[in-house]
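> Protein chains in written order, with UniProt numbering: chain A, 1 to 325; chain B, 1 to 507.
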Amino acid sequence: MLNRRRFLMSTAAAGAAGFVATHLTPAFAQDAPQIQIFVPAAPGGGWDQTGRTIDQVLRSEKLISGSQITNVGGAGGTVGLPQFISQWNGKGNSLMVAGMVMVGAIIANKSANNLSEVTPIARLTGEFEALVVPADSPFKTAGDFVAALKADPTKVPVAGGSAGGSDHILFGLIAKTVGVPATNLSYVPFAGGGEALSALLGNQVAAGISGFGEFSEQIKAGALRLLAISADKRQDGIDAPTMKEAGIDVELFNWRGVFAPPGVSDADKAAMVTMIETMAKSDAWATECKNRNWTPILLTGDDYAKFLADDTARITAILKDLGLA
Amino acid sequence: METLGHLGHGFSVAFSPMNLLWCLVGTTLGTAIGVLPGLGPALTIALLLPITYQVAPEASFILFAGIYYGAMYGGSTTSILLNTPGESATIVTALEGNRMARSGRGGAALATSAIGSFVAGTIGTMGVAFLAPVVVKFALAFGPAEYFSLMVLAFITVSAVLGSSSVRGLTSLFIGFVIGMIGVDLQTGQPRFTFGTNELLDGVDVIIAAVGLFAVGETLYMASRRYAGKDEIVPLKGSLYMTAAEWGRSWKPWLRGAFIGFPIGAMPAGGAEIPTFLSYAIEKKLSKHKEEFGTVGAIEGVAGPEAANNASAAGVLVPMLTLGLPTSATAAIMLSAFQSYGINPGPLLLTTQADLVWGLIASLFIANVILVILNLPLIGLWVRLLKIPAPQLYAGILVFATVGTYGISQSPIDLVILYLLGAAGFLMRRFDFPTAPVIIGMILGPLAETQFRRAMTISNGDWSVFYTHKLSLTLLTLAFIGLAGPHIWAFIEHRRRRGPEHVPGDA
Numbered sequence: 001m002l003n004r005r006r007f008l009m010s011t012a013a014a015g016a017a018g019f020v021a022t023h024l025t026p027a028f029a030q031d032a033p034q035i036q037i038f039v040p041a042a043p044g045g046g047w048d049q050t051g052r053t054i055d056q057v058l059r060s061e062k063l064i065s066g067s068q069i070t071n072v073g074g075a076g077g078t079v080g081l082p083q084f085i086s087q088w089n090g091k092g093n094s095l096m097v098a099g100m101v102m103v104g105a106i107i108a109n110k111s112a113n114n115l116s117e118v119t120p121i122a123r124l125t126g127e128f129e130a131l132v133v134p135a136d137s138p139f140k141t142a143g144d145f146v147a148a149l150k151a152d153p154t155k156v157p158v159a160g161g162s163a164g165g166s167d168h169i170l171f172g173l174i175a176k177t178v179g180v181p182a183t184n185l186s187y188v189p190f191a192g193g194g195e196a197l198s199a200l201l202g203n204q205v206a207a208g209i210s211g212f213g214e215f216s217e218q219i220k221a222g223a224l225r226l227l228a229i230s231a232d233k234r235q236d237g238i239d240a241p242t243m244k245e246a247g248i249d250v251e252l253f254n255w256r257g258v259f260a261p262p263g264v265s266d267a268d269k270a271a272m273v274t275m276i277e278t279m280a281k282s283d284a285w286a287t288e289c290k291n292r293n294w295t296p297i298l299l300t301g302d303d304y305a306k307f308l309a310d311d312t313a314r315i316t317a318i319l320k321d322l323g324l325a
Numbered sequence: 001m002e003t004l005g006h007l008g009h010g011f012s013v014a015f016s017p018m019n020l021l022w023c024l025v026g027t028t029l030g031t032a033i034g035v036l037p038g039l040g041p042a043l044t045i046a047l048l049l050p051i052t053y054q055v056a057p058e059a060s061f062i063l064f065a066g067i068y069y070g071a072m073y074g075g076s077t078t079s080i081l082l083n084t085p086g087e088s089a090t091i092v093t094a095l096e097g098n099r100m101a102r103s104g105r106g107g108a109a110l111a112t113s114a115i116g117s118f119v120a121g122t123i124g125t126m127g128v129a130f131l132a133p134v135v136v137k138f139a140l141a142f143g144p145a146e147y148f149s150l151m152v153l154a155f156i157t158v159s160a161v162l163g164s165s166s167v168r169g170l171t172s173l174f175i176g177f178v179i180g181m182i183g184v185d186l187q188t189g190q191p192r193f194t195f196g197t198n199e200l201l202d203g204v205d206v207i208i209a210a211v212g213l214f215a216v217g218e219t220l221y222m223a224s225r226r227y228a229g230k231d232e233i234v235p236l237k238g239s240l241y242m243t244a245a246e247w248g249r250s251w252k253p254w255l256r257g258a259f260i261g262f263p264i265g266a267m268p269a270g271g272a273e274i275p276t277f278l279s280y281a282i283e284k285k286l287s288k289h290k291e292e293f294g295t296v297g298a299i300e301g302v303a304g305p306e307a308a309n310n311a312s313a314a315g316v317l318v319p320m321l322t323l324g325l326p327t328s329a330t331a332a333i334m335l336s337a338f339q340s341y342g343i344n345p346g347p348l349l350l351t352t353q354a355d356l357v358w359g360l361i362a363s364l365f366i367a368n369v370i371l372v373i374l375n376l377p378l379i380g381l382w383v384r385l386l387k388i389p390a391p392q393l394y395a396g397i398l399v400f401a402t403v404g405t406y407g408i409s410q411s412p413i414d415l416v417i418l419y420l421l422g423a424a425g426f427l428m429r430r431f432d433f434p435t436a437p438v439i440i441g442m443i444l445g446p447l448a449e450t451q452f453r454r455a456m457t458i459s460n461g462d463w464s465v466f467y468t469h470k471l472s473l474t475l476l477t478l479a480f481i482g483l484a485g486p487h488i489w490a491f492i493e494h495r496r497r498r499g500p501e502h503v504p505g506d507a
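(1) Checking 8 angstroms against the spacing of the C-beta atoms, do P153/A and V180/A come in under that value?
(2) Could you name the residues of the same chain whose beta carbon sits closer than 7 angstroms to that of G75/B, not counting the 5 residues immediately before and after it, in chain order?
(3) Kindly indicate which three-state DSSP category A27/A falls into: helix, strand or coil?
(4) What does Y187/A pair with, by DSSP beta-bridge criteria?
(5) With a cut-off of 8 angstroms, does the C-beta of Q68/A fall near any C-beta of chain B?
(6) Any C-beta of chain A within less than 9 angstroms: which residues of the segment 345-369 of chain B qualify?
(7) Could you tell me the boundaries of the beta strand (DSSP E) in which S287/B lies?
(8) Please list, in chain order, the chain A residues whose beta carbon lies closer than 7 angstroms to that of G342/B.
(9) Check this for me: beta carbons of A281/B and I80/B, under 8 angstroms apart or not?
(10) Counting only Cβ pairs nearer than 9 angstroms, list the residues of chain A close to Y69/B.
(11) Comparing the C-beta of L216/A with each C-beta of chain B, is any distance below 8 angstroms?
(12) Which ranges would you report for the alpha helix (DSSP H) in the segment 19-90 of chain B if only whole runs of at least 4 residues count?
(13) Would A29/A count as contacting chain B if we go by Cβ distances under 8 angstroms?
(14) Check each residue of the segment 136-151 of chain B: if its Cβ is closer than 8 angstroms to any Cβ of chain A, include it; give the result in chain order.
(15) Since F253/A and A98/A should fall inside the 8 angstroms C-beta cutoff, what is the C-beta to C-beta distance between them, to a whole number of angstroms?
(16) Output needed for V135/B: all residues of its chain with C-beta closer than 7 angstroms, excluding positions within five of it in sequence on either side, in chain order.
(17) In this structure, how does DSSP classify W382/B when only helix, strand and coil are distinguished?
(18) With DSSP collapsed to three states, give me the class of L201/A.
(19) Based on Cα-Cα distance, which residue from Q34/A, T53/A and Q36/A lies nearest to residue 371/A?
(20) Say whether chain A places a C-beta atom closer than 8 angstroms to the C-beta of I458/B.
(21) Quick one: what does DSSP say E283/B is sitting in, helix, strand or coil?
(22) Is the segment 107-115 of chain B touching the segment 300-309 of chain B, taking contact as three or more C-beta pairs under 8 angstroms?
(23) What do you get for T183/A, buried or exposed, if any count of 16 or more other CB atoms within 10 angstroms of its CB means buried?
(24) Going by the beta-carbon positions, is the gap between I238/A and I174/A smaller than 8 angstroms?
(25) Would a C-beta distance cut-off of 8 angstroms place N89/A and P261/A closer than the cut-off?
(26) Between the alpha carbons of V118/A and G172/A, how many angstroms are there, rounded?
(27) Would you say residue 546/B and R256/B are within 8 angstroms of each other, going by their C-beta atoms?
(28) Which of the three DSSP states is assigned to K306/A in this structure?
(29) Would N198/B pass as an interface residue toward chain A - the criterion being a Cβ-Cβ separation below 8 angstroms?
(30) Could you list which residues in chain B have their beta carbon closer than 8 angstroms to that of D48/A, in chain order?
(31) Which of the residues in the segment 172-197 of chain B, read from start to end, lie with their CB under 8 angstroms from any CB of chain A?
(32) Below 7 angstroms on C-beta distance, what does G73/A contact in chain B?
(33) Please classify S10/A: does DSSP put it in a helix, a strand, or coil?
(34) Out of G324/B, R102/B and T28/B, state which residue places its alpha-carbon closest to the alpha-carbon of E292/B.
(35) For the segment 385-422 of chain B, which segments carrying the alpha helix (DSSP H) assignment without a break, of at least 4 residues, lie completely within its bounds, in sequence order?
(36) Taking Cβ to Cβ, would you say N93/A is nearer than 8 angstroms to I169/A?
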């Protein structure tokens with residue numbers, strides 16, 4: 001009885017979900033390949049959205065006939081990565097979504113595997129970070145913030161995402177550049193952007209560092225003041241200097257990209273790079289990036305591999321300074 | 001009033017036939033996934049996110065809101081009938097609800113939880129519509145120091161579930177702390193108690209712990225005692241739904257639960273678990289039927305927490321709609337759906353997207369009505385589960401718990417944890433240790449730790465933050481009264497009438 005009832009119930013649920021799914025998946029030309037997308041995070045987060053947007057754009061550009069998305073979440077991607085390396089080895093039609101957060105998590109978690117073991121295909125997007133203060137904060141410019149930090153870093157609590165994540169890394173880099181020892185910093189990590197934001201709106205902390213998108217609406221509404229952004233150049237529609245212009249010699253994108261498994265043939269790798277390059281140049285991709293506040297920072301193949309090595313070295317150094325590696 | 005006009009317009013959006021259909025699909029799907037322990041509303045909405053590429057924003061948010069509210073209803077069903085909480089917010093419901101089911105009042109427990117959910121959901125949704133700007137101001141005043149004091153207050157609730165021996169109860173609580181510590185420490189990024197296992201870096205899911213300790217532990221205990229007696233099937237006693245007396249005992253807890261749940265749900269770090277604990281403790285304190293708590297099951301202990309959990313679900317929408325702050329996993333995913341439409345959720349949402357927001361609020365009212373209509377007739381069906389003979393029923397629970405747990409992240413490690421905790425639950429049951437404090441410890445321990453360390457980081461190690469902030473001081477005072485009050489009261493009473501007939505209260 002129990003099982004039948006349960007069965008009926010779950011069939012109903014599956015039926016409803018199935019209705020929605022079939023309703024949503026128009027059939028495309030069959031000559032395009034099927035691909036597999038591996039997302040080392042739970043559904044809903046940034047990597048998952050990246051994976052699903054890639055899938056959506058590849059389909060609408062008729063570059064693939066369909067894709068299957070697998071989520072293996074946990075620990076900043078370090079649960080999924082070993083699986084991708086061992087179980088997906090040599091599968092030429094597969095992509096894994098990953099990014100800067102995973103580089104940090106691999107170092108901080110002392111993970112046995114790292115990103116040098118997979119095949120870099122392309123860096124796709126980045127989110128630059130923002131340094132903000134509550135609207136009634138005494139800090140009017142990034143210079144005020146740096147001066148206070150230099151005077152006594154323990155008096156300047158800064159809110160951001162989890163310890164060792166991109167926000168923490170940027171704070172460490174800022175401190176290092178202006179000559180404040182990273183170990184003296186007062187960093188208040190929050191599990192998500194929402195919680196950090198509420199600490200700022202409630203005047204609990206002196207400043208906040210997180211992805212620009214987390215703060216953009218509050219800045220527009222005048223509840224937060226934007227002091228500087230970590231992009232390489234001024235952005236249209238954003239009335240704030242870059243960190244470099246504000247005298248802090250730091251540039252940081254929380255980048256996301258795609259990787260193929262280890263052991264894929266050169267032909268497969270080249271085909272994947274071409275496909276992703278075509279996708280990244282499409283209008284559909286540009287629209288999605290705009291909607292989601294992603295800055296397109298395409299870099300493919302060997303250039304990407306070199307960038308990855310440099311970024312890993314930079315992150316390792318700063319996490320050591322912060323006492324996390 | 002301006003709000004009423006907006007709301008009227010919202011209903012005109014929500015009452016279109018297509019949107020009503022989406023609402024019905026959402027609530028049905030939500031109820032179904034709420035019943036399964038592994039699938040939660042956050043995961044379901046995440047899986048349905050691609051729908052945003054195809055349908056209008058109003059329709060998809062009405063669907064998502066239906067799933068969200070539906071899951072809150074569905075979660076209590078298995079808590080009550082099978083002692084297998086479908087959601088972390090319904091763990092407390094299992095405490096009294098399952099005892100009621102086992103003493104033949106399963107129908108009443110289900111009815112009070114469905115009607116209480118409706119009452120509290122409606123109050124909460126009215127709160128979203130009319131009070132959002134006020135509540136959000138109050139919620140933002142809560143900083144780490146205030147949260148820590150709120151946790152202290154919540155810890156007082158532990159005394160309500162400790163059971164007969166406080167040593168055993170506190171032992172359980174500390175086991176919960178240890179399990180709660182497992183994983184990466186948020187403040188320093190360092191792993192704790194993971195023994196080099198990557199899967200443990202994110203900690204032990206509280207649902208897995210609840211299902212392991214309650215359902216699997218109970219099943220093993222039942223199996224071990226099979227030889228001792230015959231199967232007995234508890235006949236349903238009295239009305240299938242609620243008797244007049246049960247109505248009389250339910251309505252106040254519903255209202256109290258709603259007024260505890262809504263503001264805490266609206267706080268950025270409030271969540272649904274703490275209001276259910278608080279409500280449970282309050283109902284136990286206030287009940288005239290204390291002897292029923294932990295024995296045959298007290299209806300107040302189901303009505304209050306269920307109401308609190310649904311009102312807090314509405315509360316979560318306050319910061320989301322007024323400030324664009326996602327304060328739960330489900331809210332975060334709903335916000336990412338806004339972004340798929342190119343809508344940036346934020347403080348301006350209410351003015352720039354009035355149609356969408358008011359349509360959503362109106363559909364929450366409708367979802368509540370649909371859910372109570374959907375759930376009340378189902379009670380007759382659900383209680384028949386209890387007529388299944390024990391071996392088949394418990395085998396079914398075991399299958400259900402295993403499948404549900406695997407569904408959370410498709411990780412075999414989760415199953416190992418489930419059965420390890422199941423074995424622990426069995427031993428605790430065998431040697432008479434209460435299991436509920438483990439879950440409370442797991443939830444409150446890490447929260448209290450995080451907020452305490454945050455408060456200390458911000459104040460640069462200055463302890464005075466806990467008593468110089470007015471809100472924090474108020475909460476600590478309340479906690480002190482909750483802890484010491486009954487003893488002082490009993491002492492005064494004792495002094496006043498030192499009669500031989502006096503029996504000291506066990507509060």
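Glycine is no exception: its CB is placed at the ideal position from the N, C-alpha and C atoms.
This one's a predicted model, so the numbers in the text were calculated from it and none came from an experiment.
Straight from the coordinates:
(1) Closer than 8 angstroms, so yes.
(2) G34, P85, G86, E87, A89 and T90
(3) Since pLDDT at A27/A reaches only 42, below the 50 mark, its modelled position is unreliable, and the value read off the structure follows with that caveat. Coil, per DSSP.
(4) V158/A
(5) no
(6) Of all residues in the segment 345-369 of chain B, those with a C-beta nearer than 9 angstroms to a C-beta of chain A are P345, G346, P347, L348 and L349, reading in chain order.
(7) Where S287/B is concerned, there is no enclosing beta strand (DSSP E), given that its DSSP letter is neither H nor E.
(8) N291
(9) Contact: no.
(10) In chain order: nothing, as chain A lies at least about 16 angstroms away.
(11) Checking the sequence, you will find Ser at residue 216/A rather than Leu. True, the Cβ-Cβ gap to chain B drops below 8 angstroms.
(12) 41-48 and 57-82
(13) Caution applies to A29/A, whose pLDDT of 41 falls short of 50 and renders its modelled position unreliable; the value that the coordinates give is listed next. Not an interface residue.
(14) A139, L140, A141, F142, G143 and P144
(15) The pair is not a contact, with the Cβ atoms about 14 angstroms apart (cut-off 8 angstroms).
(16) G127, P263, A266 and V318
(17) Of the three classes helix, strand and coil, the one that applies to W382/B here is helix, per DSSP.
(18) helix
(19) Because chain A in this structure spans residues 1 to 325, residue 371/A falls outside the shown range and cannot be described.
(20) yes
(21) helix
(22) yes
(23) exposed
(24) Taking 8 angstroms as the Cβ cut-off, I238/A and I174/A do not qualify as a contacting pair.
(25) yes
(26) 28 angstroms
(27) Outside the displayed range of chain B (1 to 507) lies residue 546/B, so it cannot be described from this structure.
(28) In the three-state DSSP reduction, K306/A falls in the helix class (H, G or I).
(29) yes
(30) A46
(31) V184, D185, L186, Q187, T188, G189, Q190 and P191
(32) S409
(33) The predicted model places S10/A with a pLDDT of 43, which falls under 50 and marks its position as unreliable; any figure quoted below should be read in that light. S10/A: helix per DSSP, three-state reduction.
(34) Out of G324/B, R102/B and T28/B, the CA that lies nearest to the CA of E292/B is found in R102/B.
(35) 390-409
(36) Between N93/A and I169/A, the C-beta spacing is not below 8 angstroms.
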